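Since the structure comes first, as structure tokens, the remarks are kept for the end.
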Amino acid sequence: MRRILLLIVFVTLGVTNAFAQTRTIQGKVTDAENGQGLPGVNVVVQGTARGTTTDVDGVYTIELAAAENTLNFTFVGYKTQTVQVGERTTINIALEVDVLTLEDIVVIGYGTVKKSDLTGSVSSMKGNDLNKIPAASPVLALQGKIPGVQITTASGAPGAGAIVRIRGVGTFNNASPIYVVDGVILDNIDFLNSGDIQSIEVLKDASATAIYGSRGANGVVMVTTKKGVMGQEYPTISVNADYSVQSLTNRIDLLSGREFAIIANEINPGSYNNVDAVPNTDWQDLLFQTAPIQNYQISAAGASAKIQYYVGIGYFNQKGIIPKSNYERLTIKLNNTYHLSKNVRFGNNLAFTPYSQQNTNNNSVFVVYRAQPTVNPYQPDGSYSPVPGVGNVLADLEYTNSYGKGIRSVGNFYTEVDFLKYFTFKSSFGVDFSYGKSKSFTPVFYVDPQQQNSTSDLNKSFGDNSTWLWENTINYTRNFGKSSLNAVVGYTMQETASEFISASGENILRDGEDFWYLDPGNIVPTTVNNGVSDDLNYSMISYLFRANYTYDRKYLLTVTYRRDGSSKFSKDNRFADFPSVALGWNVINENFLNDVAVLSNFKVRGSWGVIGNEKTRYDRRYSSVLNGVGGVFGAGEIYTTGSTYGPSGNPNLKWESTYQTDIGVELGFLEDKLTAEIDYYNKRTEDILIDLPVPGYLGNGDGASITYNAAEVLNKGIELNLGWNDEILGGLKYRIGAIATTIHNEALKVKATGGEGDYQPNGAGTTRTSVGLPLGAFYGYVVDGVFQNQAELDAYPHLSIAEVGDVRFVDTNKDGVLNGNDRTYIGSPIPKVLYGLNLEGAYKGFSLSIDFQGQQGNKIYNAKETVRPALYNFEQHVFDRWTGEGTSNTEPRSSAGGYNFLPSTRFIQDGSFFRLRSISLAYGLPQQMIEKIHFKSAQVYVRGTNLFTVTKFTGYTPEVSSGSVLDNGIDSGGYPIPSVYSVGFNVTF
Amino acid sequence: MRQFTIISKRILQVLVLVVLLPVSCDDFLDKPLQGKLTQENFPTSASDALLATNGVYNIMLKSSFHFGLFPIMDIMSDDARKGSNPDDAASTIGPFDKFTHIATEANLSRWWSTLYEGIRRANVVIEKVPVISMNATLRDRYIGEASFLRALFYFDLVRAWGDVPKVTTSTVPLGLPRANANEIYDLIVADLEKAISGLPEKSDYASADLGRATRGAAKSLLAKVYLFKGDFVNAEKYAMEVINSAQYDLMPDFADANSKAGEFGAESVFEIGAIGIEGTGGVQYGNVQGVRGTPNRGWGFNRPTLDLMDAFEPGDPREDKTIVFLGEVLDGITIAGDGPTLDETYDTNGDLIEIECYNQKVWTPGNNVPTQFDHNRRIIRYADVLLMAAEALNKNNKPAEARVQLNKVRARARHGNNAILLDITENNKDLLHEIILHERRVELAMEGHRFWDLVRTGKAAAVLGPLGFVAGKHELLPVPQNEMDLTQNTWTQNPGW
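Protein sequences, first through last, are from chains Y and G. For any residue, its number in the numbering used here is found by taking its place in the first sequence, counting from 1, and adding 36. For any residue, its number in the numbering used here is found by taking its place in the second sequence, counting from 1, and adding 2.
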């Protein structure tokens, strides 16, 4: 590999020029708008490959041969100028900003490219769109905006992030994309304030992602943060303040006290003597509250002659709609570029994010769902009433005290050197350090035998993880007549390490927070735990190469190659190659389209490549020894420690590889009033690492599994992105955008070696992924009615515990026996279509923006309704129950749990939804008024988020998600996602 | 070229160095396991051998070792009902009470997997410790302990499921068939014979090692295995060897056979040591069955039946020492019971069918949950050995000798009151057999023996039929459905399931 790099260096060095009889031209290139010198402008002798760039003051010097007479001045973001030299020796040029092209620069891995030169599938989002969603994670702003990307709010809890799936789900493991923030590769960007972000680019196809090799298979999200602009000597200062109120969007229709008593009497006759005289406790009302979000941001950006700077400071504070949950964060962003000389730049992009949070009892929603409404929350003496089976949620809340805090520091320092005209060398040292700690305390309390704590408990944990990433690249950019070539080669190293320690103590002296410390007297020795995070302990070495070649602005070629080595795999499987190739054709630039005035853009592109996924734990290949497994011996009963074999590892593990093909068409009509981008994608992932359940007799323990490279998954579909911009009625500007994505997701292979296991279940056994089905497909019995009478029961195969009035399961394998083998595929958690609709209009200072978002074709498994070890509250539909022959053929007789609650189609609901994601109305103060108070702009706005959702799902929100691919779409009673009402203002001066 | 400045030259030099940087990929990309040994490196020393042996015992601390957590073997008998309040675990434990359980019950797969986990841990010792250079006596003891425990685990498996996979190595291959139950019994016998030769007697252990497998425990378990195989000659041989070893005695008070005070006492042949914490070292077996409600905070499963109460002879003090009744005062604590649980439950005819009461054999003094984790579950106690001997002697036509062992148990139960539990004088072999089985029921009630005894003596259908037991089906449990699924139907399910 090293030799190839050297070869490239020397070949390009070898290109030299020899000429005689020259004259020297010099001058200064300035910005036409402000007269500032423009550094880095390309000055090229037309018809040759020779040229130079302007220095930091915009000054250039170039030598021309006798016959040469024309100079081209080109600079990204400005309109190109062509000048006849004639007899002049000094030529000063003022370049005009090209608004169109400025927006058309796309950030890709290790570089940027003009949108028209792009061969890959990349979607961008920038500006104000990023600030529309009042949430800690900037990713949530992308929801419903980018084709091919499914973004699900992870939870309604304060500070919760997002679950991101790009072009379906191609792995059973971590299916999240990687994030590249100003060149630093990260797992998430929850530490970033969206106000500090300039643009977000989502790289989707192999041509775009292969440069990230083993980490590209789930897609790449490129984030560019704001920087000061050269020439902007007077700083721009922005202030933004936003205040929101969150509230529960909708309630679940559960039984009232009286209704519950009626049903309970049917199940256990005599439970309530008078159903009209029972308490009626609305546990949902008792749990949920309205809660505020505050978000403030101030930033300053500008540049002196040698330094560009950006400073942003933000404060975010979100309280939860469930008591005792909140999240508070400070974001500090410092981006500087120092121009050390004409050719050498040094810079830093730094982010510091301290945060603290309080976590409420995670189980509260599930408890409220199950609590019997006939129980008063308090007893006459004021103590908490026992709530059968689930406990009293108010007691849970009171006795739960859980806090976390930490700081994350992410950034890089880099040096860029321009040399030999066409080359730029860049060395970047990036870091991602985070430190976090948490503590939780439970006092002594007693509600009932199931809800009590007899000794006070304190748990503490401390953890840090650190990543350093050193990337060295050489960029080569050169135009040869009609051809232009951009190439990058690089060598990178990365190491990630982590360590945590946790411990707990009992019998804490006093309940107050001042006493939440562990000391030798209260610590429980066996609960001390210290180790590394298994997914944050690895190192990597990579070699990368990419060449973009453009001929005559018509024909485009991109070749990419990356070779990655990872410590996560054993020596033989450690390195893997990830190549890709892409072709593009700007048909619009062909002469035969010159006369087709209606057409303003027409590009066809296609790509193919291999990308990988290495997001697995480092220890999966090892068979480890389990420590701390002892016995109790002796008259004095002493616990004596022991060790034994832990679960088996698999030393033969290797990378997951994704083969992706993409074909895209980009169209523009009527000077791009109407734009369309259509992509077809086909991703086939092989050698997916899956934890296959292994037989109990292997002795790995209950529910144990072993990791194999044993699965193959296909994702394919079409992405559509349509836009219409226009201005009517003398000044009403509007834009309509629509996106849609189809996803076909299918497991092509799920098979372990040795013939054991051809499916992948989730922990609860409610999903089972097997060949031909989507990942995480729901699994259970098919219900086709209710047994109306004994004759019917006798006539059908049934489980021995089924009785008249119970649901009738279908003998799906038609073997005349009803048993576990009749469980089958009962629905997919993956939507078939994702879509979004964005409307914007602006008129005389007012602007209105409405975003809709939706998905179609997925199912939700209402798991919270099924797990019933005791008598719990019911959803309203229990009142449609069977009470005798002919009364119901859908809802079985009432029962506390058991047979009728086995996983079946009865609990599968349509997960499709259509949501008003965001609506905002803003008013910008008139220019004259602003200028009087020396502002550049001032705007006030009101905004609503998640105001309504159209869905058939009966839970709080159809956005039911899980970080685990196998537990997707299972509603077990998560933290509801609230509706949010906001007001705010932006001022720049 | 002017642009090629000094700085650029220097940088280029650095650049070339960077690209040529002599990094050894292999070293940089080598991340060994942190904080843990790999299996290739364990066990390799005498201290490792002890750790590995202790690791086998650890299985018995897991709640899932105890019938998958709930004492389903008693609940599946005429001695006990599900317990707790009517709704609690009605769908998960309730089925075992009515013989409506099916192959997907989670308790079954938990129990199955945990027993095999124990077998693998035993295999580590049996396979690796022989090649460790160390004290030979100690080495034989460790191997003997592991062999005893492996036999104990297989004995549960073969009794519960019949044919089961035979695993005798720590690196287990996939694709194993269900081995014939006889093959498993042969392995159990061989393991116990090995344990007998390698293990010391109870009195040869240091006090700190009480609770480890002993020669007497291995012989007692072997006697029991032969009883299940119907080999009464060998059952008698090993039971009598234990009796004649003079290592054991009955505790003076029947209550102490299972009490906190009697832990590791004279009657203890093999028991699971536990300490009173809800964590490492504690065992949940007592908590699951413990008195529900104030002040004992147990779950209250496995509730003694009226039928069991009726089984005690009039005045038998063991009834009160087996069952916690409401209002009873134990260790100074008045048993108030549980609010939502009915004190008395009647059927639709108005007949009393169940009263709120609890299993006293898991009682531990104290008023909080952790103290309930302190109960040492007795796996084999001396009274069981005496009754096994009596049963085998009678089967081998030695009724007088059988009565000697049987009457020892009754004499102790009598607790000095000569008016009750008179010595048995029955000479008829069949009648004496019935008497011995009855004695087993009342002496060992709620200790997990009743279901097995009914099945092995062929009485299950007659006794348990009214509760839902189907002959030819319920003698064995269904192989857990997930295990069946994993074999892709190459295994045959047990008859009737």
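Note that beta-carbon positions come from the ideal geometry of N, C-alpha and C, so glycine has one too. Because the structure is a prediction, the values reported are computed rather than measured.
> Looking at C-alpha atoms only, which residue of Y:Pro174, Y:Tyr897, Y:Val976 is the closest neighbour of lysine 988 (chain Y)?
Replying inline: Working through the first sequence from its first residue, we reach residue 988 (chain Y) at position 952. Checked all of Y:Pro174, Y:Tyr897, Y:Val976; the closest Cα to lysine 988 (chain Y) is Y:Tyr897.
> What do you reckon, are the CB atoms on aspartate 842 (chain Y) and arginine 929 (chain Y) nearer than 8 Å?
Replying inline: In the first sequence, counting from the first residue as 1, residue 842 (chain Y) sits at position 806. In the first sequence, counting from the first residue as 1, residue 929 (chain Y) sits at position 893. Cβ atoms of aspartate 842 (chain Y) and arginine 929 (chain Y): closer than 8 Å.
> Does any C-beta atom of chain G lie closer than 8 Å to the C-beta of tyrosine 675 (chain Y)?
Replying inline: Within the first sequence, residue 675 (chain Y) is the residue found at index 639, counting from 1. It does: the Cβ of tyrosine 675 (chain Y) has a partner Cβ on chain G nearer than 8 Å.
> Hey, lysine 785 (chain Y) and valine 807 (chain Y) are a contact pair by Cβ (cut 8 Å); roughly how many whole angstroms apart?
Replying inline: Here residue 785 (chain Y) corresponds to residue number 749 of the first sequence, with the count starting at 1. Here residue 807 (chain Y) corresponds to residue number 771 of the first sequence, with the count starting at 1. Contact holds; Cβ gap of about 6 Å.
>> For a test of the three-state rule: what should DSSP assign to glutamate 403 (chain G), helix, strand or coil?
In response: Counted from its first residue, the second sequence places residue 403 (chain G) at position 401. In the three-state reduction of the DSSP assignment, glutamate 403 (chain G) falls in the helix class, which pools H, G and I.
> Tell me the DSSP bridge mates of alanine 539 (chain Y)?
Replying inline: In the first sequence, counting from the first residue as 1, residue 539 (chain Y) sits at position 503. Beta-bridge pairing by DSSP links alanine 539 (chain Y) to Y:Lys496.
> Can you list, in chain order, the residues of the region 932-943 of chain Y whose Cβ is nearer than 9 Å to any Cβ on chain G?
Replying inline: Listed in sequence order: Ala932, Gly933, Gly934, Tyr935, Phe937, Leu938.
>> My parser needs the alpha helix (DSSP H) runs of 4 or more residues fully inside the region 255-322 of chain Y; what are they?
In response: Runs of the alpha helix (DSSP H) inside the region 255-322 of chain Y: 293-303.
> Any beta-carbon of chain Y closer than 8 Å to the one on glycine 467 (chain G)?
Replying inline: Taking the second sequence and counting its residues from 1, the one referred to as residue 467 (chain G) is at position 465. Taking Cβ atoms only, chain Y never reaches closer than 8 Å to glycine 467 (chain G), which makes this a no.
>> For phenylalanine 477 (chain Y), would you say it is in contact with chain G, using Cβ-to-Cβ distances shorter than 8 Å as the test?
In response: Here residue 477 (chain Y) refers to the residue found at position 441 of the first sequence. Chain G, which has no Cβ nearer than 8 Å to the Cβ of phenylalanine 477 (chain Y), makes this no.
>> Using C-beta distances below 6 Å, list every residue in its chain close to aspartate 1003 (chain Y), excluding the 5 sequence neighbours before and after it, in chain order.
In response: Position 967 of the first sequence, counted from the first residue, corresponds to residue 1003 (chain Y). Same-chain partners within the cutoff: Asn798.
> How is leucine 138 (chain Y) classed by DSSP in three states: helix, strand or coil?
Replying inline: Here residue 138 (chain Y) corresponds to residue number 102 of the first sequence, with the count starting at 1. Reliability fails at leucine 138 (chain Y), whose pLDDT of 47 lies under 50, so the model's placement of it is uncertain and no value is given.
> Can you tell me whether DSSP reads alanine 932 (chain Y) as helix, strand or coil?
Replying inline: As a first step, residue 932 (chain Y) is located in the first sequence; it is residue number 896 there, counting from the start. Judged by DSSP in its simplified three-state form, alanine 932 (chain Y) adopts coil rather than helix or strand.
> DSSP three-state call for tyrosine 287 (chain G): helix, strand or coil?
Replying inline: As a first step, residue 287 (chain G) must be located in the second sequence, where it is residue number 285. The answer is helix: DSSP assigns tyrosine 287 (chain G) an H, G or I state.
> Which residues does DSSP pair with asparagine 697 (chain Y) in a beta bridge?
Replying inline: Taking the first residue of the first sequence as position 1, residue 697 (chain Y) is located at position 661. Here residue 697 (chain Y) is threonine; the residue named in the question, asparagine, does not match the sequence. Bridge partners of threonine 697 (chain Y) according to DSSP: Y:Trp644, Y:Asn718.
>> Within 8 Å of any Cβ in chain G, is that where the Cβ of asparagine 663 (chain Y) sits?
In response: Your numbering for residue 663 (chain Y) matches position 627 in the first sequence. For asparagine 663 (chain Y), a Cβ of chain G is located within less than 8 Å of the residue's own Cβ.
> So what does DSSP say about tryptophan 506 (chain Y), is it helix, strand or coil?
Replying inline: What you label residue 506 (chain Y) is simply residue 470 of the first sequence in a count that begins at 1. Correct three-state label for tryptophan 506 (chain Y): strand.
> So which of Y:Glu452, Y:Leu430, Y:Gln415 has the shortest CA-CA distance to phenylalanine 402 (chain Y)?
Replying inline: One-based indexing of the first sequence puts residue 402 (chain Y) at position 366. When Y:Glu452, Y:Leu430, Y:Gln415 are compared, the shortest CA-CA separation from phenylalanine 402 (chain Y) is found for Y:Leu430.
> Within the 8 Å Cβ cut-off, does asparagine 214 (chain G) reach chain Y?
Replying inline: Here residue 214 (chain G) refers to the residue found at position 212 when the second sequence is read from its first residue. The identity of residue 214 (chain G) in the sequence shown is arginine, whereas the question assumes asparagine. Yes, arginine 214 (chain G) counts as interfacial toward chain Y.
>> Please list, in chain order, the residues of the region 563-580 of chain Y that have any C-beta partner in chain G closer than 8 Å.
In response: Result list: Thr563, Asn566, Gly567, Val568, Asn573, Tyr574, Ser575, Met576, Ile577.
> Leaving out the 5 sequence neighbours to the left and right, which residues in its chain are closer than 7 Å to leucine 117 (chain G) when beta-carbon positions are compared?
Replying inline: Residue mapping note: residue 117 (chain G) aligns to position 115 of the second sequence, counting from 1. Take leucine 117 (chain G), set aside five residues on each side of it, and the residues of its chain with a beta-carbon closer than 7 Å to its own are Phe155, Asp158, Leu159, in chain order.
> Which term fits threonine 528 (chain Y), buried or exposed, when burial requires 16 or more other beta carbons within 10 angstroms of its beta carbon?
Replying inline: As a working mapping, residue 528 (chain Y) is identified with position 492 in the first sequence. By the 10 Å Cβ count, threonine 528 (chain Y) comes out buried.
> Considering only residues of the same chain and omitting the five flanking positions on each side of valine 481 (chain G), which have a CB-CB separation below 7 Å?
Replying inline: Translated into the one-based positions of the second sequence, residue 481 (chain G) becomes position 479. So the qualifying residues of the chain are Ala105, Trp163, Trp493, Gln495, Asn496.
> Out of Y:Pro315, Y:Glu549, Y:Ser603, Y:Asn663, which has the shortest C-alpha to C-alpha gap to threonine 562 (chain Y)?
Replying inline: As a first step, residue 562 (chain Y) is located in the first sequence; it is residue number 526 there, counting from the start. Per the Cα distances, Y:Asn663.
>> For threonine 245 (chain Y), report the span of its alpha helix (DSSP H) as first-last.
In response: Counting from one through the first sequence, the residue named residue 245 (chain Y) turns up at place 209. Segment 242-245, the alpha helix (DSSP H) holding threonine 245 (chain Y).
> Does the distance from the C-beta atom of alanine 183 (chain G) to that of aspartate 165 (chain G) stay below 8 Å?
Replying inline: Walking along the second sequence from the start, residue 183 (chain G) turns up at place 181. Walking along the second sequence from the start, residue 165 (chain G) turns up at place 163. Cβ distance < 8 Å, so alanine 183 (chain G) and aspartate 165 (chain G) count as in contact.
>> Let me see if you follow: with CB-CB separation under 8 Å, is valine 133 (chain G) close to chain Y or not?
In response: For the purposes of this step, residue 133 (chain G) is taken as the residue at position 131 of the second sequence. No, valine 133 (chain G) lies away from the interface with chain Y (no Cβ there is under 8 Å from its Cβ).
> Helix, strand or coil for lysine 462 (chain Y) per DSSP?
Replying inline: Here the question's residue 462 (chain Y) lines up with position 426 in the first sequence. Lysine 462 (chain Y) falls in the strand class under three-state DSSP.
>> Assuming tyrosine 658 (chain Y) is part of the beta strand (DSSP E), what are its boundary residues?
In response: For the purposes of this step, residue 658 (chain Y) is taken as residue 622 along the first sequence, with counting starting at 1. Segment: none, tyrosine 658 (chain Y) is in no beta strand (DSSP E) and carries neither H nor E.
> Of all the residues that make up the region 705-716 of chain Y, which are near chain G by a beta-carbon distance shorter than 8 Å?
Replying inline: Residues passing the 8 Å Cβ filter: none.
> Could you give the distance in angstroms between the alpha-carbon of glycine 122 (chain Y) and the alpha-carbon of tyrosine 96 (chain Y)?
Replying inline: The residue given as residue 122 (chain Y) occupies position 86 in the first sequence. The residue given as residue 96 (chain Y) occupies position 60 in the first sequence. Roughly 18 Å between the two C-alpha positions.
>> Taking only three categories from DSSP, how would you classify histidine 913 (chain Y)?
In response: If you number the first sequence from 1, residue 913 (chain Y) lands on position 877. Residue state for histidine 913 (chain Y) is assigned as helix, using DSSP reduced to three classes.
> Shorter than 8 Å from the beta carbon of glycine 283 (chain G) to some beta carbon of chain Y?
Replying inline: Along the second sequence, read from residue 1 onward, the residue named residue 283 (chain G) stands at position 281. For glycine 283 (chain G), at least one C-beta of chain Y is nearer than 8 Å to its own C-beta.
>> List, in chain order, every chain G residue whose beta-carbon is nearer than 7 Å to that of glutamine 488 (chain Y).
In response: Reading the first sequence from its first residue, position 452 is the one you call residue 488 (chain Y). What glutamine 488 (chain Y) touches in chain G: Arg299.
> Name the chain Y residues that come within less than 9 Å of phenylalanine 471 (chain G), Cβ to Cβ?
Replying inline: As a first step, residue 471 (chain G) must be located in the second sequence, where it is residue number 469. Near phenylalanine 471 (chain G) there are no residues of chain Y at all, since even the closest Cβ is about 13 Å away, more than 9 Å.
> Is serine 335 (chain Y) near glycine 231 (chain Y), with beta carbons less than 8 Å apart?
Replying inline: Counting from 1 along the first sequence, the entry for residue 335 (chain Y) is found at position 299. Counting from 1 along the first sequence, the entry for residue 231 (chain Y) is found at position 195. Contact check for serine 335 (chain Y) against glycine 231 (chain Y) passes: the beta carbons are separated by less than 8 Å.
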